[in-house]
Each structure stands twice: as structure tokens, then as C-alpha cells.
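Mapped onto the working numbering, the consecutive letters of the sequence shown carry residue numbers 478 to 543. Even glycine gets a Cβ: it sits at the ideal position worked out from N, Cα and C. Take a look at the structure below.
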Amino acid sequence: MVRNIVGVLIAIGAGESEPGWSSEVLETRDRTKGGVTAAADGLYLCGVSYSAGYNFPPPPPPCRFW
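Here it is in C-alpha cells:
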């Protein structure tokens, strides 16, 4: 999912699509409408947070790459 969203954001940032296109893609719930899927290179999950209502324990500190 993240790679699909990144692909949409790259197209918008490059001026190939209008910013509102991201909403259109998400509303269709169809990944094929989003264009190119971004490569997995360089994408890392560094942390997750949840609202207090879920009652999960606090997460560990985020990873540091630099």
C-alpha cells in the first residue's frame, strides 16, 4: 500500500498529475488507477503509533538511519 501511495505522490510532485488526483485514486479503491508502484528500495517502516483508546503499550524509540 505504501508503495502505491508513494507512486501517486511522485507523479504529483513531478507535475504529471494534479494534487486532487490522490483523493480520486484513494476513493476508487483500485490500485491500478494509481499509476506506477514505487520501488521497494529505500522504504523503511520506522515507527507506528496508535491512539490511546487501543490501550497498546508504548512503542520503542523509532529507528535511526542517520
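- Closest in alpha carbon position to residue 502, among 517, 515, 490 and 486, is 486.
- Here DSSP, grouped into helix, strand and coil, assigns residue 513 to coil.
- Contact annotation: residue 519 and residue 488 have beta-carbon atoms that are not nearer than 8 Å.
- Looking at the backbone, the Cα of residue 535 and that of residue 525 are separated by about 10 Å.
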